[in-house]
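Some notes on the structure that comes next.
Residue numbers (UniProt numbering): 1 to 538.
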């Protein structure tokens, strides 16, 4: 494609430059309007400068990508309500055997959850969990936050729904979910292991000098914090809290257990008071005399706390049985079983969505169908759940589609690719290395989604001239490298920024992840993981 007329090239470049600055630096001092408004500004300038006609601008918006993104976000909201992410968080601390074991668990769980629920969502819901667990075990949060962000990016590369650039690649390339998964999954699994190994090697001394020093009281408190923690799936900078109606619905099934716990506490107070009236010396002498009188097979005397607990249980057993026979008790049990049934249906619909994508059904309509099935199943006003969808991200994509298409119309990307194409053929090792380096640099310079939009069709067309298999391989290489490139720096991906902001704003757990501390790990990890993955991609 030849270059457009000079005025069109200049004006189109100005519009794209404004979009790029606001996309990479959303709080730039001279125009702090954010990414979403920046993408719309870039799109508007493309039309005002007559780089694109209004009809061409509307045609540039890719509706299948927006549909797929919307559907997966709605499904993530309902999975959060069904406690899926709380269960994932509990897996992090369940029978944890030390600092290094915890780091490996974070890498694995973050990668798997990102492949299924997008990397941004995983980072939103797991960041505060990790900070709480690190505090509980007296561990430094820095390596664990790096593990979360980097593994989320690596894991998201394996599926079309793992991150926004993969959505674009899946729709443009028409690769099936199964082809995408089988092509990148081996590289993803090995990449997660290598990434975890690099983290352990870099922070070995730090992870070895901090021991678990928590006492039982702090452990119980941390456990209660984890159990009571509520998440809100989001993407990019869209964070929202639970609606009050949704909060009431989510704890409705717990009313029975809470009321029973409070009743036990109230009834334990007078019993403990009566026991405290008995002097400790009297209790000790009675315990010793009883021990001497009884045979060796007799059970030892109970402590004060054990006596209280056993007395409460003995008192409350008949009353609990009576409560369960009342209409109120039966209603509580019914609510509990309805909640369990609803959660099971949510998990089943989500699994059905993934299976439908695997067998090759249209991914956009599959995701939308699953989202609407969950809305109908919930059988209540869907507005609280739909309000959690990141509409700002959808608008950002609309503006970005128009802006990038306008920049393509200037002819600059085609001219640059014409110079690189002879050296970037995917049928040669040197060509793959050069192509990967170009994608890596451009993804950090222009962000990964615009890079995919600019280079995707050109890379695929060049590879298709060689063979159909090389075309598929070119798309998979683009997906792998553009995703792993996000680990290079703190600004490389939205997932990194989400972890950084969530950690900085966490109440009583705040931690600042700096740019230089990230790049010290990100640079070697990105280069090594990218190189190993290129060998394994099929």
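Note that beta-carbon positions come from the ideal geometry of N, C-alpha and C, so glycine has one too. Just so you know, these numbers come straight off a predicted model, no measurement behind them.
| Query | Result |
| --- | --- |
| Hey, out of 124, 373 and 97, whose CA is closest to residue 505's CA? | 124 |
| Of the residues 423, 428, 458 and 360, which one's Cα is nearest the Cα of residue 177? | 360 |
| Work out the CA separation of residue 93 and residue 300 for me, nearest whole Å. | Note on residue 300: pLDDT 48, under 50, position unreliable in the model; the coordinate value appears next. Distance between the alpha carbons of residue 300 and residue 93: 34 Å. |
| Can you tell me whether residue 528 is helix, strand or coil according to DSSP? | helix |
| The alpha helix (DSSP H) that contains residue 396, what's its start and end? | 391-409 |
| Run the CB neighbour count on residue 387, radius 10 Å, all protein chains shown included, and call it buried at 16 or more, exposed below. | exposed |
| Mark residue 469 as exposed unless 16 or more other C-beta atoms lie within 10 angstroms of its C-beta, in which case mark it buried. | exposed |
| Which residue comes first and which comes last in the alpha helix (DSSP H) that contains residue 186? | 177-202 |
| Please list, in chain order, all residues of the same chain as residue 146 whose beta carbon is under 6 Å from its beta carbon, the five residues on each side excluded. | 521 |
| Rounded to whole angstroms, what's the CA-CA distance from residue 449 to residue 347? Just pull it up for me. | 30 Å |
| What did DSSP end up calling residue 538 once you bin it into helix, strand or coil? | coil |
| Is residue 46 closer than 8 Å to residue 59 when the C-beta atoms are compared? | no |
| Taking only the alpha-carbon atoms, compute the straight-line gap between residue 141 and residue 99 and give it to the nearest angstrom. | 11 Å |
| State the Cα-Cα distance for the pair residue 278 and residue 137, rounded to the nearest angstrom. | The pLDDT assigned to residue 278 is 44, lower than 50, so where the model puts this residue is not dependable; a value taken from the coordinates is nonetheless given after this. Each residue's alpha carbon lies about 38 Å from the other. |
| Could you check the C-alpha separation between residue 188 and residue 40 for me, to the nearest Å? | 34 Å |
| Please confirm whether residue 12 and residue 49 have their CB atoms less than 8 Å apart. | yes |
| Could you give the C-beta distance for residue 156 and residue 483, rounded to a whole number, given that I count them as a contact under 8 Å? | 6 Å |
| For the candidate residues 464, 508, 537 and 442, whose alpha-carbon lies nearest to that of residue 491? | 442 |
| Span of the alpha helix (DSSP H) holding residue 80? | 63-81 |
| Is the segment 459-473 touching the segment 509-519 in the sense that three or more CB pairs, one from each, lie closer than 8 Å? | no |
| Can you give me the Cβ contacts of residue 447 inside the same chain, cut-off strictly under 7 Å, excluding the 5 residues immediately before and after it? | 23 and 24 |
| Taking contact to mean at least 3 C-beta pairs separated by less than 8 Å, is the segment 183-197 in contact with the segment 531-538? | yes |
| Cβ atoms of residue 206 and residue 143: under 8 Å apart, would you say? | yes |
| Three Cβ pairs or more, each shorter than 8 Å: is that satisfied between the segment 403-414 and the segment 85-92? | no |
| In the DSSP assignment, find the unbroken alpha helix (DSSP H) run with residue 485 in it and report its ends. | Counting along the chain, residue 485 falls outside any alpha helix (DSSP H), and DSSP gives it neither H nor E. |
| What three-state label does DSSP hand residue 94 in the structure shown? | coil |
| Assuming residue 9 contacts residue 410 (C-beta within less than 8 Å), just tell me the rounded distance between them. | 5 Å |
| If you draw a straight line from the alpha carbon of residue 152 to that of residue 130, how long is it in whole angstroms? | 14 Å |
| Is it right to say residue 203 is buried, meaning 16 or more other beta carbons lie within 10 angstroms of its own, or is it exposed? | buried |
| Tell me which same chain residues have a C-beta within less than 7 Å of the C-beta of residue 122, skipping the five on either side of it? | 110, 113, 114 and 152 |
| Check whether the Cβ atoms of residue 474 and residue 457 lie closer than 8 Å to each other. | no |
| Output the boundary residues of the alpha helix (DSSP H) element that contains residue 375. | 363-378 |
| Can you find the residues in the same chain that come closer than 6 Å, C-beta to C-beta, to residue 102, ignoring five residues on each side of it along the sequence? | 96 |
| Residue 531: buried (16+ other C-beta within 10 angstroms of its C-beta) or exposed? | exposed |
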